[in-house]
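Colleague: Please find one structure pasted underneath; my questions will follow.
Numbering (my numbering), first residue to last: 111 to 313.
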């Protein structure tokens, strides 16, 4: 076989092999990107998940911490947080709260935390604390932003209750959900797991 023809055959084989490798990598990347799309969880009981404000920075406004001392969402940077604005006078909030307690029990730790911020009147703090303990088995800390100090509520864009906003480790919004949701059900847990994994840079 002539040397020049052999060279052309080898070149052709290398080109074909290169194209095959590139195609395989692009296909794998495409499948991985599709698999990591968080909006695939916006179905069934989680259909109200809203990603339209993703990337929005968490409000810097303060609220009262468990011991009454000033707190802010910046205190939680470094972990993924699910922030829930709720009230004792809000029936959907109370129905949802046991799910949030169960979510904290299942996934709470160094990488993730549920933060329940009561929007009850300041004078109802004692009752709101008791209800949170009763509804969650005492697994959630009590945070409060009474109506006289709703800056964090407005800053988070909560227009009704309950409203839940998920922020990543840098305090950027991932998603939100207006209304109640079964946060301890399998679909919600899978969503939270994916959010945590993406925030942690897991493949």
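Where is the CB? At the ideal position from N, CA and C, for every residue including glycine. Just so it is clear, the structure is predicted and the values come from calculations on it, not from any experiment.
Tell me whether residue 258 counts as near the ligand ATP, meaning its Cβ is closer than 8 angstroms to at least one heavy atom of that ligand.
Modeller: With respect to the ligand ATP, the structure shown offers nothing to examine, as it has no ligands at all.
Colleague: Taking its Cβ as the centre, do 16 or more other Cβ atoms sit within 10 Å of residue 154, making it buried, or is it exposed?
Modeller: It is exposed - the Cβ of residue 154 has fewer than 16 other Cβ atoms within 10 Å.
Colleague: Verify whether the separation of the beta carbon atoms of residue 267 and residue 166 is less than 9 angstroms.
Modeller: Result yes, Cβ atoms of residue 267 and residue 166 sit closer than 9 angstroms.
Colleague: The beta strand (DSSP E) that contains residue 284, what's its start and end?
Modeller: Residue 284 -> beta strand (DSSP E) spans 283-288.
Colleague: Taking the alpha-carbon positions, what's the residue 150 to residue 179 distance?
Modeller: Cα to Cα, the separation comes out at about 39 angstroms.
Colleague: So, residue 294 versus residue 210, is the Cβ gap smaller than 9 angstroms?
Modeller: Yes, Cβ-Cβ distance for residue 294 and residue 210 is below 9 angstroms.
Colleague: For residue 87 versus residue 224, is the C-beta distance shorter than 9 angstroms?
Modeller: Outside the shown range of the chain (111 to 313) lies residue 87, about which nothing can therefore be said.
Colleague: How is residue 246 classed by DSSP in three states: helix, strand or coil?
Modeller: The answer is helix: DSSP assigns residue 246 an H, G or I state.
Colleague: Mapping the DSSP letters down to three states, classify residue 215 as helix, strand or coil.
Modeller: Note: residue 215 maps to helix in three-state DSSP.
Colleague: Quick check on residue 309: does DSSP put it in helix, strand or coil?
Modeller: Helix, per DSSP.
Colleague: So residue 181 packs on residue 175, CB below 8 angstroms; how close in whole Å?
Modeller: About 4 angstroms; that satisfies the 8 angstroms criterion.
Colleague: In whole angstroms, give me the CA-to-CA distance for residue 263 and residue 255.
Modeller: C-alpha separation (whole angstroms): 8 angstroms.
Colleague: Under 8 angstroms by Cβ, that's how I've got residue 310 and residue 241 pegged, so tell me the actual separation to the nearest angstrom.
Modeller: Contact flag wrong, Cβ pair sits at about 33 angstroms.
Colleague: Would you call the CB atoms of residue 161 and residue 281 closer than 9 angstroms?
Modeller: No. Outside cutoff.
Colleague: Going by CA-CA distance only, name the one from 159, 215 and 172 that's closest to residue 247.
Modeller: Of the listed residues, the one whose Cα sits closest to residue 247 is 215.
Colleague: Let me know the secondary structure DSSP gives residue 182 once reduced to three states.
Modeller: Coil, per DSSP.
Colleague: Identify, in the order they occur along the chain, each residue of the same chain with its Cβ nearer than 6 angstroms to the Cβ of residue 308, setting aside the five sequence neighbours on each side.
Modeller: Result list for residue 308: empty, nothing under 6 angstroms.
Colleague: Over what stretch of residues does the alpha helix (DSSP H) that includes residue 263 continue unbroken?
Modeller: 261-265 is the extent of the alpha helix (DSSP H) around residue 263.
Colleague: Can you give, in chain order, each stretch of the alpha helix (DSSP H) that sits fully within the stretch 186-240 and has at least 4 residues?
Modeller: Taking only runs of at least 4 residues, the alpha helix (DSSP H) segments lying wholly in the stretch 186-240 are 201-217.
Colleague: Are residue 238 and residue 198 close, meaning C-beta to C-beta below 9 angstroms?
Modeller: Cβ atoms of residue 238 and residue 198: closer than 9 angstroms.
Colleague: Throw me the rounded Cβ distance for the residue 227 and residue 253 pair, which I believe falls under 8 angstroms.
Modeller: That belief holds up - the Cβ atoms of residue 227 and residue 253 are roughly 4 angstroms apart, short of 8 angstroms.
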